[in-house]
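> I'd like to ask you about the structure that follows.
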Ligand code: FAD
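Numbering (full-length UniProt numbering), first residue to last: 211 to 520.
Structure representation (structure tokens):
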């Protein structure tokens, strides 16, 4: 059995594993895909002190750094169930799809999240070639260019306001007849000169020239007419889905399915900690996930040293 078992091998899980292992305690990491979302990222320019890196490179570095320590890495293994300890200080169990069951006194959940996609032709083909999901990450790449934001909820409107300050023009496309964002955000958005808002519009295709995005087509849901918008970038903001389905009701989740954590990365269950995009932490970013992963490991250590001796 482990002292600390980390579920997830993205930035949060890697940081948690290193911080735990550095305490000299038995540490394991189980991950469906070590590296996490970082593997799907091209340029990364906001990982402080590293002005530019690439996703696969950072993912390799994460794994190498973890391997510098005595950590049991179980890659390509998916957790399907968590059973918290019945008594404080007992063992929690993590059941894997493979049929194995891992036991640990403290578990750190770091299973991340996935962006909801539009599922239209061209979206996959031009991902990272104009199709983007993270305005904080990729906004500056579109300086002076024309972009669209798909989605009129709070994250879409925040993205549009953010991008309006960087890019030449922003077209905001919302499926519904009206925007769903807070009124204060909508007022701000409508005050901007370089933003066009289109409602009742369904994005149907991403167009590219073979190398990068050159436009998108949307269908006006009132008239059924299709329209082409020429642009260089498309930010999809229709939801970030936490990978927490396997937890069922083992720990408290928010109404969006995010693991509820406090500022010490404690969940609702003693001995279970959580970090990164899978949690209620605001702003889903690599550096934030790493910080919170470290917090979770230090909290887990604090928990372990207070348990009665075996
Ligand atoms: P993740 O990276 O999602 O890792 C989750 C881990 O858990 C993975 O190993 C996954 O396989 C594993 N897992 C999931 N479910 C299970 C399960 N049931 N059992 C076992 N393992 C499981 N952030 C930046 O700071 N800068 C950027 O430039 C940037 N660009 C981005 C570009 C793209 C295209 C995307 C998608 C994201 C980008 N981000 C960027 C966001 C950043 O990648 C995330 O905030 C960060 O990866 C979150 O780390 P995490 O460890 O919480 O989760």
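Beta carbons are placed, not taken as given, at the ideal position from N, Cα and C, and that holds for glycine.
So who's on the other strand from residue 452, going by DSSP bridges?
The residue you call residue 452 lines up with position 242 of the chain shown. Partner(s): 323.
> Decide yes or no for the touch test of the segment 354-370 against the segment 250-266: beta carbon pairs closer than 8 angstroms, at least 3 of them.
Flag = no, the segment 354-370 and the segment 250-266 do not touch.
> Given this structure, state the Cα-to-Cα distance separating residue 288 from residue 304, to the nearest angstrom.
Along the chain shown, read from residue 1 onward, the residue named residue 288 stands at position 78. Along the chain shown, read from residue 1 onward, the residue named residue 304 stands at position 94. Cα to Cα, residue 288 sits roughly 10 angstroms from residue 304.
> Quick check on the burial criterion: 16 or more other C-beta atoms within 10 angstroms. Buried or exposed for residue 515?
The sequence position of residue 515 within the chain shown is 305, counting from 1. It counts as exposed.
> Which residue wins for smallest C-alpha separation from residue 426, given the options 300, 333, 327, 301?
Walking along the chain shown from the start, residue 426 turns up at place 216. Ranking the options by Cα distance to residue 426, first place goes to 333.
> Which class does residue 443 belong to by DSSP, given the choice of helix, strand or coil?
Within the chain shown, the letter at position 233 stands for residue 443. In this structure, residue 443 counts as strand in the three-state DSSP scheme.
> Have a look at 492, 494, 378, 471 and flag the residue whose alpha-carbon is nearest the alpha-carbon of residue 484.
Here the question's residue 484 lines up with position 274 in the chain shown. If we check each option's Cα against that of residue 484, 471 comes out closest.
> Considering residue 419, what are the terminal residues of the beta strand (DSSP E) in which it resides?
Counting from one through the chain shown, the residue named residue 419 turns up at place 209. Unbroken run through residue 419: none, as it is neither H nor E.
> State yes or no: is the C-beta of residue 247 nearer than 7 angstroms to some heavy atom of ligand 1?
Here residue 247 is taken as the residue at index 37 of the chain shown, counted from 1. It does: the Cβ of residue 247 is within 7 angstroms (strictly closer) of some heavy atom of ligand 1.
> For residue 436, which residues of its own chain have a beta-carbon under 8 angstroms away from its beta-carbon, when the five flanking residues on both sides are left out?
Locating residue 436 in the chain shown gives position 226, where the first residue counts as 1. Closer than 8 angstroms at Cβ, skipping near neighbours: 414, 427, 428, 429, 430.
> Cβ of residue 456 versus every heavy atom of ligand 1: is any distance shorter than 7 angstroms?
For the purposes of this step, residue 456 is identified with residue 246 of the chain shown, where counting begins at 1. Under cutoff, so the answer is yes.
> Considering only the beta carbon of each residue, do residue 239 and residue 276 sit closer than 8 angstroms?
On the chain shown, residue 239 is found 29 positions in, with the first residue counted as 1. On the chain shown, residue 276 is found 66 positions in, with the first residue counted as 1. Contact flag set, yes.
> Do you know how far the Cα of residue 419 is from the Cα of residue 407?
Counting from 1 along the chain shown, the entry for residue 407 is found at position 197. Counting from 1 along the chain shown, the entry for residue 419 is found at position 209. Using only the alpha carbons, I get a separation of about 26 angstroms.
> Where does residue 315 land, buried or exposed, given buried means 16+ other C-beta within 10 angstroms?
Against the chain shown, residue 315 aligns to sequence position 105. Classification for residue 315: buried.
> For residue 282, which residues does DSSP report across the bridge?
Your numbering for residue 282 matches position 72 in the chain shown. Answer is 238.
> Which residues in the same chain have their Cβ closer than 7 angstroms to the Cβ of residue 476, if we skip the five residues on either side of it in sequence?
Start at 1 with the first residue of the chain shown, and residue 476 comes out as number 266. 483, 509, listed in sequence order.
> Would residue 452 be called buried (16 or more neighbouring beta carbons within 10 Å of its own) or exposed?
Here residue 452 is taken as the residue at index 242 of the chain shown, counted from 1. That one is buried.
> Assign residue 499 to one of two classes, buried (16 or more other C-beta atoms within 10 Å of its C-beta) or exposed (fewer than that).
In the chain shown, residue 499 corresponds to position 289, counting from 1. The residue in question, residue 499, is buried, as its Cβ has 16 or more Cβ neighbours within 10 Å.
> Which stretch, first to last residue, makes up the beta strand (DSSP E) that contains residue 398?
Position 188 of the chain shown holds residue 398. Not the beta strand (DSSP E): residue 398 falls in the alpha helix (DSSP H), residues 393-400.
> Can you have a look at residue 433 and say buried or exposed, based on whether 16 or more other CB atoms are within 10 angstroms of its CB?
The sequence position of residue 433 within the chain shown is 223, counting from 1. Exposed is the call here.
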